[in-house]
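Participant:
Protein chains in written order, with full-length UniProt numbering: chain A, 1 to 418; chain B, 1 to 418.
1) Could you give the first and the last residue of the continuous beta strand (DSSP E) run that contains residue 179 of chain B?
2) Against chain A, does residue 128 of chain B count as a neighbour if the rule is that its beta carbon must be under 8 Å from one of theirs?
3) Which class does residue 23 of chain A belong to by DSSP, given the choice of helix, strand or coil?
4) Residue 208 of chain B lies in the alpha helix (DSSP H); which residues open and close that run?
5) Only counting the same chain, and skipping five residues up and downstream in sequence, which positions put a Cβ closer than 6 Å to that of residue 360 of chain A?
6) Restricting to Cα atoms, I'd like to know which of A:83, A:190, A:13 and A:206 is closest to residue 373 of chain A.
7) From the DSSP output, in three-state form, read off residue 401 of chain A for me.
8) By the criterion of Cβ-Cβ separation under 8 Å, what are the contact partners of residue 37 of chain B in chain A?
9) Closest by CA to residue 8 of chain B, which one among A:36, A:56, A:329 and A:279?
10) For residue 372 of chain B, would you say it is in contact with chain A, using Cβ-to-Cβ distances shorter than 8 Å as the test?
11) Since residue 354 of chain A contacts residue 23 of chain A with CB under 8 Å, what's their CB separation in whole angstroms?
12) Using 10 angstroms around the beta-carbon of residue 401 of chain A, count the other beta-carbons present and answer buried if the total reaches 16, otherwise exposed.
13) Please decide whether residue 234 of chain B counts as near chain A, where near means a Cβ-Cβ distance under 8 Å.
14) In the stretch 103-115 of chain A, which residues sit with their C-beta less than 9 Å from some C-beta in chain B, listed in chain order?
15) With residue 222 of chain B and residue 245 of chain B assumed to form a contact (beta carbons below 8 Å), what rounded beta-carbon distance in angstroms separates them?
16) In terms of residues, what are the limits of the beta strand (DSSP E) holding residue 119 of chain B?
17) Under 8 Å, do residue 160 of chain A and residue 327 of chain A count as touching if we go by C-beta distance?
18) Who are the Cβ neighbours of residue 385 of chain B in its own chain at under 6 Å, not counting the five residues just before and after it?
19) With a threshold of 6 Å on Cβ separation, who are the neighbours of residue 38 of chain A within its own chain once the five nearest residues in sequence on each side are excluded?
20) Could you have a look at residue 418 of chain A and say whether DSSP puts it in helix, strand or coil?
21) Would a check of beta-carbon distances place residue 384 of chain A closer than 8 Å to chain B?
22) Answer yes or no: do residue 27 of chain B and residue 214 of chain B have a C-beta to C-beta separation smaller than 8 Å?
23) For a contact defined as C-beta to C-beta under 8 Å, what are the partners of residue 121 of chain B on chain A?
24) Flag residue 417 of chain B as yes if its beta-carbon sits less than 8 Å from any beta-carbon of chain A, otherwise no.
25) Under three-state DSSP, which class holds residue 369 of chain A?
26) Measuring alpha carbon to alpha carbon, tell me which residue in A:178, A:363, A:187 and A:418 is nearest residue 197 of chain A.
27) Can you list, in chain order, the residues of its chain with a C-beta nearer than 8 Å to that of residue 292 of chain B? Leave out the 5 residues immediately preceding and following it.
28) Please confirm if residue 365 of chain A has its CB atom under 8 Å from at least one CB of chain B.
29) Between the alpha carbons of residue 141 of chain B and residue 75 of chain A, how many angstroms are there, rounded?
30) Quick check on residue 199 of chain A: does DSSP put it in helix, strand or coil?
31) Comparing alpha-carbon positions, which option in A:286, A:399, A:413 and A:393 lies nearest residue 380 of chain A?
32) For residue 162 of chain A versus residue 202 of chain A, is the C-beta distance shorter than 8 Å?
33) Can you give me the start and stop residues for the alpha helix (DSSP H) that residue 277 of chain B sits inside?
34) What separation, rounded to the nearest whole angstrom, lies between the Cα atoms of residue 370 of chain B and residue 82 of chain B?
35) What is the C-beta distance between residue 332 of chain B and residue 317 of chain B, in whole angstroms, given that I count them as a contact (C-beta under 8 Å)?
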């Protein structure tokens, strides 16, 4: 049949992506086990096998988050879907929120909170630094917010904000404590219960070895109580047995965590149609992390991150930011004087098949960001990246001692017993 | 190392779903080609191969939607994410929206629109019927809404709302015309441009043969102009070159279609991290539909849907609703007097590995819903379902003529030249 909307026949070929070693700030190369898990066939939305898979996924993420929180589940979307679900469910218009901003993703928390109608209070750090607990407590005293929202690892600056004292401060001031751990979890310590977090959201595409598209979250009892006050059941599936809350209805259906809990909970009230393939992937990401052991995975990220950073430094490159607060899994490195940053990235990608990252905002054009995370926190990935980058930088005229990067990394591997 | 949050070792086994033939109202068994496409490894977010894949996906969905709309792209979430993205981007608080409700998903449109702050006006039909264009035009004249929002196919009732006269009515009254075609597209005619639709959202998990988790949408120039008035660029990536719109900021970051267009467009402004695996899947769903030919796929759904419905009717079962307005891809059938509906579904699932659907709201406990859609709009799937259901119904005491279902279906296949 003829069809005026028929597409170019060339598009009817299956897509076949080129091989890439993804050594940027994420997304990174997915662990093949996760891709295999995602290739499993679907079961129905309320099949006992499906609800078992959902329950197991909840249990596995309790291990990832280090929490006993019952409400540990997936939001069906990318990591910022998890952020928005948490903020729009916790915040009512006019509520005060404090956001310490030390990079792009702090701005994102503000942006999302503003759209939730929050009164957003920000404190700022230069990109490359983090906050002290005292600075945050001072701001909490001034602002008296309902929620403290802070990212743990901000890939835009490579910094890792220490969270270990903040929960105690929040509890003392009656503040809900929320953190986004997308960039850091699995590669750096994260302790939901020990650090007294009330809400955490993450994504799969960094140290958890998966693709973007599912956002695991966990909620404390306090957070759940706040959300339950705003409970609402959809028309069309509501019955007389369902009791609504007294609070203001959450301003999103898709991100209404009360409804999402009712879907993941025993009631299994229909909400969205769970993205089963992403569920399979998310479950496998948690499974392989716990199989390795969370502490072992963090240690692996520490060692490969150190080998990469010191290898780069040995190539006459200057590292960005306060190294004592750097995430294990990504390092910023200044683009050397006289070297065209994008030409180097382009040669890395097109000649060597290796992706390294550019930067945002104030760091745009100034630093590259190089990741060692998830499946690519591996010796071969680190050494291939260092040798390729040395070759590209040499051809770009950068002055460096030959072989220094790879030899330094090798020395670190020997020291660390790798 | 010991770890108080360590999970049950039984959970560390990979998940292995049981084999199921999904003959409910969706999600359905995924075409294996889609699963294979989704098992491809990732490329970086701005890799030329990635942006090419995104552009190709846009082009392919123009073929699926039958539109020349430039802004034809994916929202990263389930089909209701696409609905919410369209509504929250089009509607400002206080705007009037008209929703003709003829099933559960009409209620959903109202629910989402209410949360967007819209003044929602509803008109209702009994479940099992659809609206005439006159009924809708009368309501448009009374309400004078900014947006008409209506689902095309509502799986809760199996009905297909004719849309072909509504675009002209909307254009005449200056109303934006939005439809959700999740349940129907690919299995029933859908003509975005011919029917003058301004916005359409769908999902993959019905006739498009994919898993839930990606929501293709398309927007007319009029819809885009409405959204562009509310343009906003995130702090952290904003530069002096970016001009914001004058309208009220969209009340969601994740669903801000202006930002999502800036991400899919030439500017490639960072928003979310595209869910690459879902993108691969969505691209393949469109590719296989266009390879088959949209008209051929619709015809296939018509034939298998007819074989199923008439096969069921021949088994002394009464079909639900106005059959002249039924979707091709799902049929409702009354649970016979004296038969326990859930016991039948349970035997179908546990003894035969075949899932058929239950119902919501006023139809709960009264009808089963049986799908013939996407990959499962196939002769073997239809015949297996009919023979299995005959066996289960026979054992449940239902009075029927032996072999009538499968013989009737076979006759239809012969008549249709299958």
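The beta-carbon is built from N, C-alpha and C at its ideal position, and this holds for glycine as well.
Everything numeric in this text was worked out from a predicted model, so none of it was measured.
Facilitator: Straight from the coordinates:
1) On the second chain, position 179 is the one that residue 179 of chain B refers to. Element bounds for residue 179 of chain B: 176-180.
2) Translated into the one-based positions of the second chain, residue 128 of chain B becomes position 128. Not an interface residue.
3) Here residue 23 of chain A refers to the residue found at position 23 of the first chain. Note: residue 23 of chain A maps to coil in three-state DSSP.
4) On the second chain, residue 208 of chain B is found 208 positions in, with the first residue counted as 1. From DSSP, residue 208 of chain B is part of no alpha helix (DSSP H); its letter is neither H nor E.
5) To locate residue 360 of chain A, count along the first chain from 1; it is residue 360. Counting only Cβ-Cβ distances below 6 Å, and skipping sequence neighbours, we find 104 and 156.
6) Within the first chain, residue 373 of chain A is the residue found at index 373, counting from 1. It is A:206.
7) Here residue 401 of chain A refers to the residue found at position 401 of the first chain. In the three-state reduction of the DSSP assignment, residue 401 of chain A falls in the coil class.
8) To locate residue 37 of chain B, count along the second chain from 1; it is residue 37. In chain order: 14 and 15.
9) Here residue 8 of chain B corresponds to residue number 8 of the second chain, with the count starting at 1. Per the Cα distances, A:56.
10) Stepping through the second chain from its first residue, residue 372 of chain B is reached at position 372. Residue 372 of chain B does not count as touching chain A.
11) As a working note, residue 354 of chain A is residue 354 in the first chain. As a working note, residue 23 of chain A is residue 23 in the first chain. Rounded, the Cβ-Cβ distance is 6 Å, consistent with contact.
12) Here residue 401 of chain A corresponds to residue number 401 of the first chain, with the count starting at 1. Burial call: exposed.
13) Counting from 1 along the second chain, the entry for residue 234 of chain B is found at position 234. Answer yes: the Cβ-Cβ gap between residue 234 of chain B and chain A drops below 8 Å somewhere.
14) 103, 104, 105, 106, 107, 108, 110, 111, 112, 114 and 115
15) Residue mapping note: residue 222 of chain B aligns to position 222 of the second chain, counting from 1. Residue mapping note: residue 245 of chain B aligns to position 245 of the second chain, counting from 1. With 8 Å as the limit, residue 222 of chain B and residue 245 of chain B do not qualify as a contact, their Cβ atoms being about 15 Å apart.
16) On the second chain, position 119 is the one that residue 119 of chain B refers to. Unbroken beta strand (DSSP E) run through residue 119 of chain B: 119-124.
17) Position 160 of the first chain, counted from the first residue, corresponds to residue 160 of chain A. Position 327 of the first chain, counted from the first residue, corresponds to residue 327 of chain A. Yes, the pair counts as a contact, with Cβ atoms nearer than the cut-off.
18) Position 385 of the second chain, counted from the first residue, corresponds to residue 385 of chain B. For residue 385 of chain B, where only same-chain residues beyond five positions count, the Cβ hits under 6 Å are 23 and 354.
19) Position 38 of the first chain, counted from the first residue, corresponds to residue 38 of chain A. Taken in chain order, the residues that qualify are 277, 280 and 281.
20) Position 418 of the first chain, counting from 1, holds the residue named residue 418 of chain A. Note: residue 418 of chain A maps to coil in three-state DSSP.
21) The sequence position of residue 384 of chain A within the first chain is 384, counting from 1. So no, residue 384 of chain A is outside the interface.
22) Taking the second chain and counting its residues from 1, one reaches residue 27 of chain B at position 27. Taking the second chain and counting its residues from 1, one reaches residue 214 of chain B at position 214. Not closer than 8 Å, so no.
23) Taking the first residue of the second chain as 1, we reach residue 121 of chain B at position 121. Under a criterion of Cβ atoms nearer than 8 Å, no residue of chain A is adjacent to residue 121 of chain B; the nearest Cβ is some 15 Å distant.
24) Position 417 of the second chain, counted from the first residue, corresponds to residue 417 of chain B. Residue 417 of chain B does not count as touching chain A.
25) Residue numbering aside, residue 369 of chain A sits at position 369 when the first chain is read from its first letter. Correct three-state label for residue 369 of chain A: strand.
26) As a first step, residue 197 of chain A must be located in the first chain, where it is residue number 197. Of the candidates A:178, A:363, A:187 and A:418, the one whose C-alpha sits nearest the C-alpha of residue 197 of chain A is A:178.
27) Counted from its first residue, the second chain places residue 292 of chain B at position 292. Closer than 8 Å at the Cβ level, and outside the excluded window around residue 292 of chain B, lie 300.
28) Translated into the one-based positions of the first chain, residue 365 of chain A becomes position 365. It does not; no Cβ of chain B falls within 8 Å.
29) Locating residue 141 of chain B in the second chain gives position 141, where the first residue counts as 1. Locating residue 75 of chain A in the first chain gives position 75, where the first residue counts as 1. If I take the Cα positions, the gap works out to 40 Å.
30) As a working note, residue 199 of chain A is residue 199 in the first chain. Under the three-state reduction of DSSP output, residue 199 of chain A falls in the strand class.
31) Position 380 of the first chain holds residue 380 of chain A. Considering only alpha carbons, the answer is A:413.
32) Here residue 162 of chain A is taken as the residue at index 162 of the first chain, counted from 1. Here residue 202 of chain A is taken as the residue at index 202 of the first chain, counted from 1. Going by C-beta atoms, residue 162 of chain A is not nearer than 8 Å to residue 202 of chain A.
33) Working through the second chain from its first residue, we reach residue 277 of chain B at position 277. Residue 277 of chain B -> alpha helix (DSSP H) spans 276-292.
34) In the second chain, residue 370 of chain B corresponds to position 370, counting from 1. In the second chain, residue 82 of chain B corresponds to position 82, counting from 1. Using only the alpha carbons, I get a separation of about 25 Å.
35) Along the second chain, read from residue 1 onward, the residue named residue 332 of chain B stands at position 332. Along the second chain, read from residue 1 onward, the residue named residue 317 of chain B stands at position 317. So it is not a contact: roughly 10 Å between Cβ atoms.
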